[in-house]
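Just so you know, the sequences run in chain order A and B.
Quick note: the first sequence uses the working numbering, first residue 16, plus one each step.
Quick note: the second sequence uses the working numbering, first residue 892, plus one each step.
We treat Cβ as the ideally placed atom computed from N, Cα and C, and that holds for glycine.
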Amino acid sequence: MKQFAELFLNLDRTNKTNAKIDLLKNYFSSAPEQDKIWALALFTGRRPSFKVKTAQMQQWACNEANIPYWLFRESYNSVGDLGETISLVLLPHENTPADKSLSDWFDYLNVLPSLSDAEKELKVIDAWKQLSPHEIFVFNKLLMGSFRIGVSQTLVVRAIAEAANMEAGGIAHRLMGNWTPFNTSFQELIYSEDVNDQASRPYPFYLAYAIEKDIAALGDVNDWMVEWKWDGIRSQIILRNDELFIWTRGEELATDKFPELHVLKKLLPNGTVLDGEIVSFMDNKPMPFNILQTRIGRKNITTKILQEAPVAFIAYDLLETAGSDTRQLSQQQRREKLEQLFNATEPTQVFNLSPLLAFDDWSTIKTLHLQSRANAAEGFMIKNRQGTYQAGRKKGDWWKWKINPLSVDAVLVYAQKGHGRRTELFTDYTFAVWDQDKKLIPFAKAYSGLTDKEIALVDRFIKQHVIEKFGPVRTVKPELVFEIGFEGISKSTRHKSGIAVRFPRILRWRQDKTAADADTLENLKAILDIYNVV
Amino acid sequence: MNHQPLLRFTGNSIYCPTADVHIDPSVAVDRAIITHAHSDHARPGSKNYLAHRDSAPILRQRLGEDIALQTVEYGERFTINGVVFSLHPAGHIIGSAQVRVEEQGNVWVASGDYKLEDDHFAAPFETVKCNVFITESTFGLPIYNWQPQEKIFNDIMQWHTKNKAEGKVSMLLGYSLGKMQRILKNMQLENEPLFAHGAVYYCNERLRQAGFDLPALTLVTKDMDKKLFKNALVLAPPSVDGSTWLNKFAPFSLGYCSGWMQVRGAKNRRAVDQGFVLSDHADWKGLNEAVKNTGAEKVFVTHGFTSVFAKWLNENNIEAAEVKTMYGEEEDHETPIAAEGNLTTE
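Shown next, in the form of structure tokens:
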């Protein structure tokens, strides 16, 4: 545990990619074999649930530290991390720390789900008494909350590839799918002969970078294919051994979430892997994302949901056909095979081919780009006809060209301190626009989009202009104006403003504007009317 | 019986109306008692100052050599318009004092900043019994628990040894008044090549001239040969973090001594390589102990987590109130980084 806690803290402390890779490489070269698979599970979002609620953990910590709950919450507001707060309020103990390994601790925790709450409490508190404060913090991370420390899947893949002296693409593939430390070992996962021995295993998604230069700089139009960038859930549909698997880009096995697509099990040939987008789909055309959003996160997909937000799959790539990996073929060849497969498949509403746009010059494409929203698309995907299907986010062969976000100017009205790296700064903002009675109505929260320098200035303003406190939230004198961008907008009965925006973010600080110059709720509703044609 | 309180919070100072004396005023006044020489407590412009003798050298350096300054010893009583004042050790930095104010048997104590641990340079904290205690609360949350300083000094030494082995300069940041003297007095650094940034150097020199037993430091100057810094420990104020002044020391490891280093976020955001949790303020336990020991029936909480600590004391049967408007900005514990970098406390 000591070694893993140290790795965690060191990773947390640096933001240099190379330093992180070195730390990970080092760990995966030197850690005990049975610890490696657990570390890997944690870094790839496979932490098992131990059926411990964060509310319980807080209560136990309060009991142990002999402090009231409100004081614990005040401490949490200042620290910004629950696991760390617990480790800091617990009084130092005199025990010599037990030297259990990471996998020992998982063995220790694995019985928790079967225990009563009182037994869980004893077990967790006993663990705290065997650990140093730093280890308690990391231990708490094993138990609850998200395990985020700025280590991306790509980074882990690179580190393991370097440590194992293997190719990164292969490692990425091996880390996909629904393995757990209970059903595999590090050795088996990384070194076993047959990568596809798990029928459900998807391929690593190829992700595009946003194109920043003029698309004309891409050169000869004949080298490129262009299609709409669909606004849905990026997914792979896998049919192997007469079984259908649907994987989302978030590496979630979501087969059950999309019963409409199960018909593909009968229609697709075995040994097929398609890459594409699941979109909401009505009257034979794709719909904006906010319709799909209503069914994301639902545990039970009811008939009502299926009627109100039906989906379809739009295929744009073929990664496996007749059981063989086609990723090394060119984009052009894969497209031809995809079209053959599509044409040979019995037509169904739920299986569509992403059409290629016809164009002779880049200016045609630029004109068409303006019609993206009308086509329920977020812009274009531009793909090199000669390119292979790569693993992860790579520059060169795939580019995305997104439409500009919708935007309004809004006033900063509430602020809260950030978490993690930004614990001491007010970085979580709520923005408002004016209603007809000249009152400010909050409509969006946004976190990012400012430079560190701007954050420092805004933080200073907030600290000097607090009007009210509600727990960690500060009401701020409505003075600062920001341009807030968002990707979509829909009606909402949950928000006071009556609207909900998707992916709100700060585009820029409008220091040239006063609060009175900010937009109105009317303006927002006008945008809603234009873009929410359902 | 006088019905107005002995001390009042004006927003700019702690004020004694009967004596017409301000404690640590943030604006210019006629008569100011200064608890210690950190710049958020000692502001320029007042007509007459009074402070402990050991505060004098730095007060003059910072507020002006020609200020009208009267000094007293700890425990020495002086009376203004029937009000009896005396200063008592606060253990915060050299010369730091709690101000005891007594009128007709009614005793108030304004703590200024304090810590309970003896740092072997400042006179150690003295418990002063009182009816009303005005306490700071910089680290008034139960997450702030200090380890014994010996442990921290050991950590610093280990870090320095490791840096030498890796061919790195040890760049140690901390407040030039207080923290640096504490480090110099407690760590055996005689045999280390020791360098100092101007802020640290001039503060140290001033104290040495005033007769305090501190080692001589070498001032880092522009034209210095980089080779001189091999194996060196360099002492600098926190403000150098992120500045070009650091460039000539590369490769170096950045260590930072502060109570704020207790929290991971604070450490990460400053991009320091090593945080040392060393503070000249009382930790949670220390604040509670100090308040309890005064026997005060009423406590006012200033500076820091005022509302939290006041609420906690009330729940523990000590009547307490938060003083909201002292010294400007709410919750702004971060150093407003001054050019010289040595101008603020924690």
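If you check the beta carbons only, do B:V974 and B:A910 fall under 8 Å apart?
-> It is a contact, given that the beta carbons lie within the stated cut-off.
Work out the CA separation of A:E242 and A:K228 for me, nearest whole Å.
-> A direct Cα-to-Cα measurement between A:K228 and A:E242 gives close to 18 Å.
State the CB to CB distance for the pair A:A20 and A:K244, rounded to an integer number of angstroms; the pair is presumed to be in contact (CB under 8 Å).
-> In fact, because the Cβ distance is near 42 Å, the residues do not count as touching under 8 Å.
CB contact check: A:S90 to chain B, cutoff 8 Å = For A:S90, a Cβ of chain B is located within less than 8 Å of the residue's own Cβ.
Neighbour flag for A:T100 against chain B, beta carbons, 8 Å = Interface residue, yes.
Please check the pair B:V1019 and B:A1001, which I expect to be a contact at CB under 8 Å, by giving their CB distance rounded to whole angstroms.
-> Not really, about 10 Å apart at Cβ, beyond 8 Å.
Go through the segment 439 to 505 of chain A residue by residue and report every complete run of the beta strand (DSSP E) that reaches 3 residues or more, in order.
-> Those beta strand (DSSP E) runs which fall completely within the segment 439 to 505 of chain A and span 3+ residues are 441 to 449, 455 to 461, 481 to 485, 488 to 491 and 496 to 501.
Name the chain A residues whose beta carbon is nearer than 8 Å to that of B:V1199?
-> What B:V1199 touches in chain A: L86 and E89.
Can you check whether the CB of B:A988 is closer than 8 Å to the CB of B:H927?
-> B:A988 sits close to B:H927, with the two beta carbons spaced by under 8 Å.
Three-pair Cβ contact test at 8 Å for the segment 353 to 362 of chain A versus the segment 327 to 342 of chain A = Taking a contact to require three or more Cβ pairs closer than 8 Å, the segment 353 to 362 of chain A and the segment 327 to 342 of chain A qualify as touching.
Do we get a CB-CB distance below 8 Å when we pair A:T111 with the residues of chain B?
-> Cβ-Cβ to chain B under 8 Å: no for A:T111.
Status (buried if at least 16 other CB within 10 Å, exposed otherwise) for A:I36 = When all chains shown are included, A:I36 counts as buried.
Residues of its chain near A:S102, where Cβ-Cβ distance is below 6 Å and the 5 sequence neighbours each way are ignored = Taken in chain order, the residues that qualify are P148, I151 and F152.
Residues of the segment 1000 to 1023 of chain B whose Cβ lies closer than 7 Å to any Cβ of chain A, in chain order = Going along the segment 1000 to 1023 of chain B in chain order, one finds no residue with a Cβ nearer than 7 Å to chain A.
Tell me which same chain residues have a C-beta within less than 7 Å of the C-beta of A:G192, skipping the five on either side of it?
-> Taking A:G192 as the centre and dropping the five residues before and after it, the same chain places the C-beta of Q213, S215, R216 and P217 closer than 7 Å to its C-beta, in chain order.
Which residue from B:L1178, B:L1098, B:D931 and B:L1063 puts its Cα closest to that of B:G1031?
-> Of the residues B:L1178, B:L1098, B:D931 and B:L1063, the one whose Cα lies closest to the Cα of B:G1031 is B:L1178.
Do the segment 1055 to 1066 of chain B and the segment 1033 to 1045 of chain B meet, that is, are 3 or more Cβ pairs less than 8 Å apart?
-> Output reads no: the segment 1033 to 1045 of chain B does not touch the segment 1055 to 1066 of chain B.
Who does B:F1086 pair with in a DSSP beta bridge?
-> DSSP, once it has assigned bridges, lists B:T1109 and B:V1125 as partnering B:F1086.
Does the Cβ of A:G312 have 16 or more other Cβ atoms within 10 Å, making it buried, or fewer, making it exposed?
-> Looking at its Cβ environment, which holds fewer than 16 other Cβ atoms inside 10 Å, A:G312 is exposed.
Compute the Euclidean distance between the alpha carbons of A:Y404 and A:E99, then round it to the nearest angstrom.
-> Each residue's Cα considered, the two are about 41 Å apart.
Where B:E1206 meets chain A, residues with beta-carbon distance less than 8 Å | Chain A residues near B:E1206: P83.
Name, in chain order, the residues that DSSP records as bridge partners for A:I397.
-> A:I397 is bridged to A:V241 and A:W414.
Where A:I332 and A:T32 are concerned, what is the direct C-alpha to C-alpha distance, given to the nearest angstrom?
-> Per the sequence shown, the amino acid found at residue 332 of chain A is Asp instead of Ile. In this structure, the CA atom of A:D332 is about 31 Å from the CA atom of A:T32.
Rounded to whole angstroms, what's the CA-CA distance from A:A34 to A:N25? Just pull it up for me.
-> One C-alpha to the other measures close to 9 Å.
Which value, in whole angstroms, describes the spacing of the CA atoms of A:S116 and A:K51?
-> Note on geometry: alpha-carbon atoms of A:S116 and A:K51 lie some 11 Å from one another.
B:C1148 - DSSP class collapsed to helix/strand/coil | Reduced to three states, the DSSP call for B:C1148 is strand.
Among A:D376, A:W449, A:R28 and A:Q49, which one has its Cα closest to the Cα of A:V496?
-> In terms of Cα proximity to A:V496, the closest of A:D376, A:W449, A:R28 and A:Q49 is A:W449.
In whole angstroms, what is the alpha-carbon distance linking B:S1144 and B:S1130?
-> The alpha-carbon atoms of B:S1144 and B:S1130 are separated by roughly 16 Å.
Can you tell which of A:F273, A:E177, A:V126 and A:V428 has the C-alpha that lies nearest to the C-alpha of A:F65?
-> In this structure, A:V126 is the residue among A:F273, A:E177, A:V126 and A:V428 with its C-alpha nearest to the C-alpha of A:F65.
Limits of the unbroken alpha helix (DSSP H) element including B:T1197 = Counting along the chain, the alpha helix (DSSP H) containing B:T1197 begins and ends at T1197 to E1206.
Under the three-state DSSP convention, the category A:E227 falls into = It is coil, neither helix nor strand.
Cα separation between A:A531 and A:K468?
-> C-alpha separation (whole angstroms): 25 Å.
Assign B:K1118 to one of three DSSP states: helix, strand, or coil.
-> B:K1118: helix per DSSP, three-state reduction.
Roughly how many whole angstroms lie between the Cα atoms of B:H1224 and B:G1195?
-> Legend: pLDDT at B:H1224 = 35, less than 50; position of this residue unreliable, value from coordinates given subsequently. Whole-angstrom Cα-Cα distance: 7 Å.
Residues in its own chain within less than 8 Å of A:D119 by CB, not counting five upstream and five downstream?
-> In chain order, M16 place their CB closer than 8 Å to the CB of A:D119, counting only its own chain and leaving out the 5 sequence neighbours on each side.
Helix, strand or coil at A:G192 according to DSSP, with G and I counted as helix | Here A:G192 carries a coil assignment [DSSP, helix/strand/coil].
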